[in-house]
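Enquirer: Pasting a structure below so you can have a look.
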Amino acid sequence: MKLKDKYSIALSLQDHSRCHIMPSRLRFGTEPSLILCRFQCGGKGKDKMQSCARTSADKQLGRRLRFLSMLYCYKFVLPNMPRNEHFIKKEASLSVLAALPQLRPGVADARKWRCAASLVTNLSRNRQPFMSALKIYNTLARDKQPFTPIEPGKVRMYVCGMTVYDYCHIGHARVMVVFDLVQRWLRASDYEVTYVRNITDIDDKIIRRAAENGESISALTQRFIDAMDEDAAALGVQKPDHEPRATNFVPQMLGLIEALERNGLAYKSSDGDVNYSVRDFPGYGKLSGKSLDDLRAGERVDVNTGKRDPLDFVLWKSSKESEPEEVKWASKWGSGRPGWHIECSAMACELLGEQFDIHGGGADLQFPHHENEIAQSEGASQHTFVNYWMHNGFVRVDNEKMSKSLGNFFTIREVLAKYDSEVVRFFILRAHYRSQLNYSDAHLDDARNALTRMYTALKDVAPDDAPLDMAEAHAVRFADAMNDDFNTPLAVAVLFELANEINKTKSPALARQLVGLAGIVGLLQRPAQQFLHAGLANGEDGGMETFVVEQINARVNAKKAKNFAEADRIRAELLEKGIILEDKPGGLTEWRRA
0 MKLKDKYSIA
10 LSLQDHSRCH
20 IMPSRLRFGT
30 EPSLILCRFQ
40 CGGKGKDKMQ
50 SCARTSADKQ
60 LGRRLRFLSM
70 LYCYKFVLPN
80 MPRNEHFIKK
90 EASLSVLAAL
100 PQLRPGVADA
110 RKWRCAASLV
120 TNLSRNRQPF
130 MSALKIYNTL
140 ARDKQPFTPI
150 EPGKVRMYVC
160 GMTVYDYCHI
170 GHARVMVVFD
180 LVQRWLRASD
190 YEVTYVRNIT
200 DIDDKIIRRA
210 AENGESISAL
220 TQRFIDAMDE
230 DAAALGVQKP
240 DHEPRATNFV
250 PQMLGLIEAL
260 ERNGLAYKSS
270 DGDVNYSVRD
280 FPGYGKLSGK
290 SLDDLRAGER
300 VDVNTGKRDP
310 LDFVLWKSSK
320 ESEPEEVKWA
330 SKWGSGRPGW
340 HIECSAMACE
350 LLGEQFDIHG
360 GGADLQFPHH
370 ENEIAQSEGA
380 SQHTFVNYWM
390 HNGFVRVDNE
400 KMSKSLGNFF
410 TIREVLAKYD
420 SEVVRFFILR
430 AHYRSQLNYS
440 DAHLDDARNA
450 LTRMYTALKD
460 VAPDDAPLDM
470 AEAHAVRFAD
480 AMNDDFNTPL
490 AVAVLFELAN
500 EINKTKSPAL
510 ARQLVGLAGI
520 VGLLQRPAQQ
530 FLHAGLANGE
540 DGGMETFVVE
550 QINARVNAKK
560 AKNFAEADRI
570 RAELLEKGII
580 LEDKPGGLTE
590 WRRA
């Protein structure tokens with residue numbers, strides 16, 4: 000076990016009488032403090048323990064450590080612990096009330112201890128750090144629920160990805176960024192995450208677009224997959240662990256359809272298609288809250304004369320002579336291709352198992368796509384498919400539904416041509432993922448100005464080299480917000496609190512906390528000057544910086560010549576171009592984007 004950022008633990012629990020905790024010799028510029036906590040119990044067996052403590056650095060710390068009393072000790076878990084807290088785990092359901100963060104000599108903050116304690120309640124037998132408090136709004140339950148993974152310490156998550164026949168739009172950007180945030184927080188919380196986001200590369204729209212362009216389906220889909228990857232990378236979206244393409248999982252889809260047929264839930268219709276019999280699945284409608292009696296043919300339901308019921312949906316589409324050979328697969332029901340809904344059920348079950356933890360996607364997929372996924376998967380396996388369903392809210396444009404027919408449809412590339420990619424990511428993240436997101440230039444301008452304030456706070460204050468301290472008060476509030484159904488508006492508010500404190504104190508320690516916490520959600524990872532000097536649009540002429548420097552030099556010369564009118568003119572001209580000049584002591588002038 001590495002000494003850095005970790006505690007050395009010596010246990011003597013043979014008679015359940017005492018244990019000692021001492022920090023490793025960590026150096027913070029002075030000699031390390033030494034802490035000795037002694038837990039003593041009265042009685043026998045798994046008795047309640049009362050703590051006392053002393054320290055060579057601060058004798059008052061002993062009193063602040065007495066909140067450790069009245070807890071059960073099961074064992075200490077330290078291997079590979081990346082943070083500075085060390086958690087005493089519980090036996091059965093008793094909450095743990097102790098965490099020991101890094102200590103500096105002479106520093107003992109009672110609030111830090113209370114905040115640290117709040118991070119480590121309700122720990123299970125298997126190690127879970129501050130994520131033990133995570134709650135997720137489960138669309139299926141219509142309630143915010145404590146998150147408990149199927150396999151302790153591991154999370155399996157599937158998110159419905161893009162149908163690749165065109166460039167991704169701002170709605171796709173939200174899905175990618177939101178669930179990138181989710182997987183980042185889970186990983187930061189020491190979960191081992193398997194994240195799957197699929198690619199639909201066979202679909203009616205894809206077939207039509209390829210025919211219109213006179214190109215093969217594989218060429219069309221690969222071109223837009225490459226474009227999607229470029230857009231995602233620009234937005235700081237990390238690659239999923241798996242990106243399955245539907246066309247590579249057709250055998251698994253056929254196996255799932257055969258299982259449904261055996262269970263009396265699939266039938267071949269007179270037109271050659273294989274359909275799902277919705278009324279034969281008792282739980283249909285439980286995700287969307289829609290009853291079969293309320294559903295009508297024509298409301299997001301295909302009307303097909305070959306179906307027994309208008310609500311039935313297609314699992315396997317029989318081939319048409321006009322379709323290219325690359326979208327035809329052999330099956331026991333004849334040549335055909337999979338329906339859209341069966342794709343995700345097959346890929347998710349193949350890569351994550353028949354039951355997994357989290358399934359995500361846009362709110363538009365809740366019905367019918369995700370409803371049909373449940374019907375397919377549970378109809379085949381006869382048990383629960385997914386434990387937690389997450390859906391991000393719609394994107395609206397100037398308070399109207401985004402639509403090509405309304406002329407308010409924007410691709411990610413169009414947006415990135417006007418705004419820095421980190422501004423777009425921040426714009427998405429500062430709204431709660433379940434709320435509607437209203438896209439407008441005014442809102443993006445506001446997001447750019449807000450992000451500029453945080454980078455400005457870091458401009459003259461370099462973070463120190465210490466690791467991120469998750470027991471620090473701001474970090475605790477940040478974690479509390481993220482654990483509350485990924486409440487990014489509150490988490491971002493904490494980042495602004497830190498930025499304000501940095502402006503007042505010029506503290507490198509707080510700068511480290513700001514950069515570290517923001518980094519968890521994929522923000523503030525560039526040098527401050529790089530962001531502040533960046534153009535409003537990606538790819539803007541690099542000559543702008545040269546022009547600004549030349550104008551600053553001209554202004555300096557004008558001031559030396561006491562031509563203050565010319566100096567003011569230069570400042571005003573640059574401001575019109577979106578450049579703000581800041582005069583510093585010693586005659587230095589710095590600049591940033593407005």
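Under numbering that gives the first Met the number 0, the sequence shown has 92 at position 93, and the numbering climbs by one with no breaks.
Yeah, the Cβ is synthetic: ideal placement off N, Cα and C, and Gly gets one too.
1) Between the alpha carbons of R173 and T410, how many angstroms are there, rounded?
2) Touching or not, the region 515–535 and the region 178–185, by the rule of three or more beta carbon pairs under 8 Å?
3) Please list, in chain order, all residues of the same chain as Y190 whose beta carbon is under 6 Å from its beta carbon, the five residues on each side excluded.
4) Locate the beta strand (DSSP E) running through L580, then write down its first and last residues.
5) Let me know the secondary structure DSSP gives Y387 once reduced to three states.
6) If we define contact as Cβ-Cβ less than 8 Å, is K285 a contact residue for chain D?
7) Between the region 198–213 and the region 150–169, can you find at least three pairs of beta-carbon atoms closer than 8 Å?
8) Which runs of the beta strand (DSSP E) fall wholly inside the region 152–226 and span at least 3 residues, in chain order?
9) Taking all protein chains shown into account, do 16 or more other C-beta atoms lie within 10 angstroms of the C-beta of I149, making it buried, or fewer, making it exposed?
10) According to DSSP, is D484 helix, strand or coil?
11) Output yes or no for whether 8 Å exceeds the beta carbon distance between I201 and R336.
12) For a quick check, are the C-beta atoms of L139 and W388 less than 8 Å apart?
13) Using the C-alpha atoms, what's the distance from F426 back to V491?
14) Quick check: the Cα distance between L264 and D279, rounded to an integer number of angstroms?
15) So, with DSSP's three-state summary, where would you put Y438?
16) Tell me where the alpha helix (DSSP H) around D567 begins and ends.
17) Tell whether a beta-carbon distance below 8 Å holds between P462 and A498.
18) Could you pull the start and end residues of the alpha helix (DSSP H) that N371 belongs to?
19) Would you mind giving the Cβ-Cβ distance between H358 and H340, rounded to the nearest angstrom? I have them listed as a contact below 8 Å.
20) Determine the direct distance from the alpha carbon of A449 to that of E471, and round the result to whole angstroms.
21) Exposed or buried, what is N386 when buried is set at 16 or more other beta-carbons lying within 10 Å of its beta-carbon?
22) Return the residue from the list I373, V313, V548 and D292 that minimises the CA-CA distance to D270.
23) Ordered along the chain, which non-local residues of its own chain (more than five positions away) have a Cβ less than 7 Å from that of K583?
24) Could you give the first and the last residue of the continuous alpha helix (DSSP H) run that contains Q354?
25) Does the Cβ of D440 have 16 or more other Cβ atoms within 10 Å, making it buried, or fewer, making it exposed?
26) Rounding to the nearest angstrom, what Cα-Cα distance links V475 and H171 in this structure?
27) Cα-Cα, which of P281, P145, R186 and N556 is closest to G152?
28) Could you work out which residue in L467, D308, S290 and S330 is closest to L516 when comparing CA atoms only?
29) At 4 residues or longer, and completely inside the region 403–430: list those alpha helix (DSSP H) runs for me, N to C.
30) Count the other CB atoms within 10 Å of the CB of L118; is the residue buried (16 or more) or exposed (fewer)?
31) Going by DSSP, what residue range makes up the beta strand (DSSP E) through F280?
32) Near D240, which residues of its chain fall below 6 Å by C-beta distance, leaving aside the five closest residues on each side in sequence?
33) Under DSSP, the beta strand (DSSP E) around Q144 begins and ends at which residues?
34) Between the alpha carbons of A601 and T451, how many angstroms are there, rounded?
35) Any idea if V548 is buried or exposed, counting beta-carbon neighbours within 10 angstroms, 16 or more meaning buried?
36) Could you pull out every residue in the same chain whose Cβ sits closer than 7 Å to the Cβ of P507, ignoring the five residues on either side in sequence?
Expert: Looking at the coordinates:
1) Pairing R173 with T410, the inter-Cα distance amounts to about 12 Å.
2) They touch, by the three-pair rule.
3) Cβ neighbours of Y190 within its own chain (closer than 6 Å, five residues either side excluded): V154.
4) Per DSSP, L580 belongs to the beta strand (DSSP E) from I578 to D582.
5) In this structure, Y387 counts as strand in the three-state DSSP scheme.
6) Any reference to chain D falls outside this structure, which holds one protein chain only.
7) Three or more Cβ pairs closer than 8 Å define a contact, and the region 150–169 meets that threshold against the region 198–213.
8) If you keep only unbroken beta strand (DSSP E) runs of at least 3 residues inside the region 152–226, you get 153–158 and 191–196.
9) Under the 10 Å beta carbon count, I149 is surrounded by fewer than 16 other beta carbons and is classified as exposed.
10) In the structure shown, D484 sits in coil (DSSP, three-state: anything other than H, G, I, E or B).
11) Annotated as proximal: I201 and R336, with beta-carbon spacing under 8 Å.
12) Yes, these two residues count as a Cβ contact at 8 Å.
13) Rounded to the nearest angstrom, the two C-alpha atoms are 11 Å apart.
14) Spanning the two alpha carbons is a distance of roughly 6 Å.
15) Looking at Y438 - three-state DSSP - the assignment turns out to be strand.
16) F563 to E575 is the span of the alpha helix (DSSP H), which, as asked, contains D567.
17) Not closer than 8 Å, so no.
18) The continuous alpha helix (DSSP H) containing N371 extends over residues E370 to S380.
19) Distance from H358 to H340 at the Cβ level is roughly 13 Å; contact not present, criterion being Cβ atoms closer than 8 Å.
20) So the two alpha carbons sit approximately 24 Å from each other.
21) N386 is classed as buried because its beta carbon has at least 16 other beta carbons within 10 Å across all chains shown.
22) Proximity to D270 across I373, V313, V548 and D292 peaks at V313, based on C-alpha coordinates.
23) Within the same chain, K583 has close Cβ partners E589.
24) Element bounds for Q354: n/a, residue is neither H nor E.
25) Classification of D440: exposed, given that the 10 Å Cβ count is below 16.
26) Computed Cα separation, rounded: 31 Å.
27) For the residues P281, P145, R186 and N556, the minimum Cα distance to G152 belongs to R186.
28) Ranked by how close their Cα comes to the Cα of L516, the residues L467, D308, S290 and S330 have L467 in first place.
29) Contiguous alpha helix (DSSP H) elements confined to the region 403–430 occur at 411–415 and 420–428, taking only those with 4 or more residues.
30) For L118, the predicted structure reports a pLDDT of 40, less than 50, and the residue's modelled location is therefore unreliable. A value from the coordinates is still provided. Buried.
31) DSSP places F280 in no beta strand (DSSP E); its state is neither H nor E.
32) If we look at D240 and ignore the five residues flanking it on each side, its Cβ neighbours are T193 and Y194.
33) Following the DSSP letters along the chain, one finds Q144 inside the beta strand (DSSP E) bounded by residues D142 to P145.
34) Residue 601 is absent from the structure shown; the chain starts at 0 and stops at 593.
35) The residue in question, V548, is exposed, as its Cβ has fewer than 16 Cβ neighbours within 10 Å.
36) If we look at P507 and ignore the five residues flanking it on each side, its Cβ neighbours are V460, A461, P462 and D463.
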